[in-house]
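J.:
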Amino acid sequence: MEGRPLTDAQLIDAARHGDVAAYEELVRRYEELAFRTAYLVCGDADEARDAAQEGFLRAYGAMGRFRAGAEPRTWLLRIVANAARNRRRAAGRRAGLALRSARDRPSDGAAPSPEVAVLAGEQRSELLAAIDRLGDEDRRIITLRWFADLSEREMAAVLDVPAGTVKSRLSRAMERLRSVIGGSPDHG
Amino acid sequence: MAEPMSWPPREDQALASALADLAQAVAFPPTPRIAQAVAAQLREQHSAGRSPLRLWSGWRLGRSAALALLALLILVAAAIAFGIVIGGLRITFAPGTPPPLPSGVVASRAFGSEVGLDEARRRAGFTVLVPSLGEIGQPVHVYFNDFPSGGTVSLVWGSRPGYPADANGVGLVVTEFQANVDPAVWEKMVFEGTTVTRTLVGGQTALWISGGEHTFFYRDANGRRVDSSLRLVGTTLICQRGGLVLRVEGAASLTRATEVADSLR
Numbered sequence: 309m310e311g312r313p314l315t316d317a318q319l320i321d322a323a324r325h326g327d328v329a330a331y332e333e334l335v336r337r338y339e340e341l342a343f344r345t346a347y348l349v350c351g352d353a354d355e356a357r358d359a360a361q362e363g364f365l366r367a368y369g370a371m372g373r374f375r376a377g378a379e380p381r382t383w384l385l386r387i388v389a390n391a392a393r394n395r396r397r398a399a400g401r402r403a404g405l406a407l408r409s410a411r412d413r414p415s416d417g418a419a420p421s422p423e424v425a426v427l428a429g430e431q432r433s434e435l436l437a438a439i440d441r442l443g444d445e446d447r448r449i450i451t452l453r454w455f456a457d458l459s460e461r462e463m464a465a466v467l468d469v470p471a472g473t474v475k476s477r478l479s480r481a482m483e484r485l486r487s488v489i490g491g492s493p494d495h496g
Numbered sequence: 484m485a486e487p488m489s490w491p492p493r494e495d496q497a498l499a500s501a502l503a504d505l506a507q508a509v510a511f512p513p514t515p516r517i518a519q520a521v522a523a524q525l526r527e528q529h530s531a532g533r534s535p536l537r538l539w540s541g542w543r544l545g546r547s548a549a550l551a552l553l554a555l556l557i558l559v560a561a562a563i564a565f566g567i568v569i570g571g572l573r574i575t576f577a578p579g580t581p582p583p584l585p586s587g588v589v590a591s592r593a594f595g596s597e598v599g600l601d602e603a604r605r606r607a608g609f610t611v612l613v614p615s616l617g618e619i620g621q622p623v624h625v626y627f628n629d630f631p632s633g634g635t636v637s638l639v640w641g642s643r644p645g646y647p648a649d650a651n652g653v654g655l656v657v658t659e660f661q662a663n664v665d666p667a668v669w670e671k672m673v674f675e676g677t678t679v680t681r682t683l684v685g686g687q688t689a690l691w692i693s694g695g696e697h698t699f700f701y702r703d704a705n706g707r708r709v710d711s712s713l714r715l716v717g718t719t720l721i722c723q724r725g726g727l728v729l730r731v732e733g734a735a736s737l738t739r740a741t742e743v744a745d746s747l748r
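These protein sequence lines map, in sequence, to chains Y and H. Counting in the numbering used here, the final residue of the first sequence is number 496, and the numbers go up one at a time with none missing. Counting in the numbering used here, the final residue of the second sequence is number 748, and the numbers go up one at a time with none missing.
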């Protein structure tokens, strides 16, 4: 046991007994995911920061409602996303997404030829532009799934809908994305 | 992506691969130092003593250690001396009266989500029983909590004759969950001024709790206490039926509560 990082459940247990440092550690584990999720939900970086902060503070206050055996990650995401959804209604924006420059990207070790790299870059731009042309709901569900890397259960918590609804919405959104890409041969 | 993929992607798998690749290349705004800001705010609130959070954690720090120790000692004593264990439910005693809970939380905390009777029946890992007494009718609210294994179903009524409403407008609550849930067990903490009477319902041991305040909590798989924060004032009958533990809360008398329990179908 000694030397091993505490599990999320152990941190929550400590936080329930007033250990702020333990809660800070838990928040640190999820701050990036929560911020990005909030950003995709409410579409503004400042609002996303405030929503994440508000969500984590609320979660601390609601620690008594955390059920043993529940996933802390999903529970926290649900509370942060709730704060983000409230801010989205007020702000009505959508998250602006851009491509990082190639040198900032993690490399998989393979060194593609310049032609392949250019082609892949164009395809990425085209795909991102196609996502931007989707309606808000489609865009949100695709970016949550792929860019925030949320599971269907987590997306259900974030969007406050049943898991079955997530599955069908995601499937429809993917279909529409495919048709947007296929219907725009002149793009890129 | 070592080589260009087929474009445009026509298959689900190809589109999924393209999106996974794109995810590696998308730029998000830099993540702010949220953990630091949250911790600073919590520490400030704690030291200023102006947050409700302080009241909550202060109580837990101040009383939980003593309560936990007492509960543990009394639990062992009670289990040995009285054998007060029903299904997965164990009764413990604690001295004094519990501190006040934040207002407005009682109804929302332990019941789980409101689902309706049909969905509760679909989700529960057991046959959900409903009282067949004409005078109380169908439950007004039905909740499902997916803890413990098989879930917990709570049926809630407003005021009915013989079941006066409490401050939250709740008259009668019937809660059902599977017995012998191992390793997690619901426990019940009974505060001073409360009496526990052993009785029989349907030929099986039952407990009638009345006269004071009592609260439910349960232990997780690691044996840690998890407070359901549901504190009850009033009466509770705890009985067993076909592998289920049933709680009937709010009846004005043991006779009334037993009628409800006996009418469960």
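Where is the CB? At the ideal position from N, CA and C, for every residue including glycine.
(1) Distance check for Y/Leu-348 and Y/Glu-340, CA to CA, integer angstroms please.
(2) Using the three-state DSSP reduction, which class does Y/Phe-343 fall into: helix, strand or coil?
(3) Identify which residue in H/Phe-609, H/Pro-644, H/Asp-745, H/Thr-741 has its Cα closest to the Cα of H/Gly-633.
(4) Would you verify that the beta carbon of H/Val-521 is, or is not, closer than 7 Å to some beta carbon of chain Y?
(5) If you draw a straight line from the alpha carbon of Y/Arg-375 to that of H/Thr-635, how long is it in whole angstroms?
(6) Taking 7 Å as the CB-CB cut-off, is H/Thr-514 touching chain Y?
(7) If we ignore side chains and look at the alpha-carbon of each, how far apart do H/Gln-524 and Y/Met-463 end up?
(8) Less than 7 Å between CB atoms is the rule here; does Y/Ala-392 satisfy it with respect to chain H?
(9) Which residues in chain H have a C-beta closer than 8 Å to the C-beta of Y/Val-328? List them in chain order.
(10) Can you give the beta carbon distance from H/Ala-499 to Y/Tyr-331, rounded, assuming they're within the 8 Å contact cut?
(11) Relative to chain Y, which residues along the region 605-627 of chain H have a C-beta separation below 8 Å, given in chain order?
(12) Considering only DSSP beta bridges, list what Y/Tyr-368 is partnered with.
(13) Going by the CB atoms, is the gap between H/Pro-491 and Y/Ile-489 shorter than 7 Å?
(14) Figure out for me which residue from H/Thr-680, H/Gly-726, H/Arg-516 has the closest Cα to the Cα of H/Thr-738.
(15) Distance check for Y/Asn-394 and Y/Ser-479, CA to CA, integer angstroms please.
(16) When you compare the CB of H/Ala-497 with every CB in chain Y, is at least one pair closer than 7 Å?
(17) Am I right that H/Tyr-646 and H/Ala-735 are in contact with their C-beta atoms under 8 Å? What's the rounded C-beta distance?
(18) Mark H/Gly-599 as exposed unless 16 or more other C-beta atoms lie within 10 angstroms of its C-beta, in which case mark it buried.
(19) For the region 500-513 of chain H, which residues have a CB atom closer than 9 Å to at least one CB atom of chain Y, in sequence order?
(20) Just to confirm my understanding: we take H/Arg-493, look at its own chain, exclude 5 residues before and 5 after, and list those with CB closer than 7 Å. What are they?
(21) I want to know whether the region 374-391 of chain Y touches the region 427-437 of chain Y - three or more CB-CB distances under 8 Å.
(22) Less than 8 Å between the CB atoms is what I'm expecting for H/Gly-654 and H/Gly-733, so what's the real figure, rounded?
(23) For Y/Thr-451, report the span of its alpha helix (DSSP H) as first-last.
(24) Exposed or buried, what is Y/Gln-361 when buried is set at 16 or more other beta-carbons lying within 10 Å of its beta-carbon?
(25) If the cut-off is 8 Å on Cβ atoms, which residues from the region 454-465 of chain Y count as contacting chain H, listed in chain order?
(26) Measure how close the beta-carbons of Y/Arg-396 and Y/Asp-446 come, nearest whole angstrom, since I'm counting them as under 8 Å.
(27) Using 7 Å as the threshold, is the C-beta distance between Y/Thr-345 and Y/Leu-384 below it?
(28) Can you round the beta-carbon distance between H/Leu-612 and H/Arg-748 to whole angstroms, since I take them to be within the 8 Å contact cut?
(29) Using a Cβ cut-off of 7 Å, pull out every chain Y residue sitting near H/Ala-518, in sequence order please.
(30) Establish whether the CB of H/Asp-710 and some CB of chain Y are separated by less than 7 Å.
(31) Run down chain Y in chain order and give the residues with a C-beta less than 9 Å from the C-beta of H/Pro-647.
(32) Strictly below 7 Å CB to CB, what residues from chain H border Y/Ala-360?
(33) Can you pull the chain H neighbours of Y/Leu-407, defined as C-beta to C-beta under 7 Å?
(34) Closest to H/His-624 by C-alpha separation, out of H/Arg-605, H/Gly-617, H/Asp-601, H/Pro-644, would be which residue?
(35) Can you tell me whether Y/Phe-448 is buried or exposed? The criterion is at least 16 other CB atoms within 10 Å of its CB, across all chains shown.
T.: Taking the structure as given:
(1) Between Y/Glu-340 and Y/Leu-348, the C-alpha separation is close to 12 Å.
(2) Under the three-state reduction of DSSP, Y/Phe-343 is assigned to helix.
(3) Comparing alpha-carbon positions, the option among H/Phe-609, H/Pro-644, H/Asp-745, H/Thr-741 lying closest to H/Gly-633 turns out to be H/Phe-609.
(4) Yes, contact with chain Y.
(5) Approximately 13 Å, taken between the alpha carbons.
(6) Chain Y contact via Cβ: present.
(7) One C-alpha to the other measures close to 29 Å.
(8) By this cut-off, Y/Ala-392 is not an interface position.
(9) Per Cβ cutoff of 8 Å: Ala-522, Leu-525, Arg-526, His-529.
(10) Contact between H/Ala-499 and Y/Tyr-331 is ruled out by a C-beta separation of about 36 Å, above the 8 Å threshold.
(11) Taking 8 Å as the cut-off between beta carbons, none of the residues of the region 605-627 of chain H comes near chain Y.
(12) Beta-bridge partners of Y/Tyr-368 (DSSP): none assigned.
(13) For Y/Ile-489 and H/Pro-491, yes; Cβs fall inside 7 Å.
(14) Out of H/Thr-680, H/Gly-726, H/Arg-516, H/Thr-680 has the C-alpha closest to the C-alpha of H/Thr-738.
(15) Pairing Y/Ser-479 with Y/Asn-394, the inter-Cα distance amounts to about 26 Å.
(16) Residue contact with chain Y for H/Ala-497: absent (no Cβ-Cβ distance below 7 Å to any residue of chain Y).
(17) Taking a contact as a CB-CB distance under 8 Å, the pair H/Tyr-646 and H/Ala-735 counts as one, their CB atoms being some 7 Å apart.
(18) Around the CB of H/Gly-599, fewer than 16 other CB atoms lie within 10 Å, so the residue is classed as exposed.
(19) Look at the region 500-513 of chain H: the residues with a C-beta under 9 Å from a C-beta of chain Y are Ala-501, Leu-502, Ala-503, Asp-504, Leu-505, Ala-506, Gln-507, Ala-508, Val-509, Ala-510, Phe-511, Pro-512, Pro-513.
(20) Listed in chain order, the non-local C-beta contacts of H/Arg-493 below 7 Å within the same chain number zero, local neighbours out to five positions each way being set aside.
(21) When C-beta atoms of the region 374-391 of chain Y are compared with those of the region 427-437 of chain Y, fewer than three pairs fall below 8 Å, so the two segments do not count as touching.
(22) The beta-carbon distance between H/Gly-654 and H/Gly-733, rounded to whole angstroms, is 6 Å. This is short enough to meet the 8 Å contact definition.
(23) 444-454 is the extent of the alpha helix (DSSP H) around Y/Thr-451.
(24) By the 16-neighbour rule on beta-carbons within 10 angstroms, Y/Gln-361 is buried.
(25) Here the close residues are Trp-454, Phe-455, Asp-457.
(26) The beta-carbon separation of Y/Arg-396 and Y/Asp-446, rounded to 16 Å, does not stay under the 8 Å limit for a contact.
(27) No, they are not a contact pair.
(28) 6 Å between Cβ atoms; contact.
(29) Within 7 Å Cβ-Cβ: Glu-332, Val-335, Arg-336, Glu-339.
(30) In this prediction, H/Asp-710 has a pLDDT of 49, which is less than 50 and means its spatial position is unreliable; what the coordinates show is noted afterwards. For H/Asp-710, the answer is yes, since a Cβ of chain Y falls inside 7 Å of its Cβ.
(31) The contacting residues do not exist; H/Pro-647 stays about 27 Å from chain Y at best.
(32) Near Y/Ala-360 (Cβ distances below 7 Å), the residues of chain H are Ile-517.
(33) Neighbourhood of Y/Leu-407 in chain H, by CB distance below 7 Å: Ala-508, Val-509, Ala-510, in chain order.
(34) Closest by C-alpha distance to H/His-624, out of H/Arg-605, H/Gly-617, H/Asp-601, H/Pro-644, is H/Asp-601.
(35) As written in the sequence, residue 448 of chain Y is Arg, which differs from the Phe given in the question. With a threshold of 16 other beta carbon atoms within 10 Å, Y/Arg-448 meets it and is buried.
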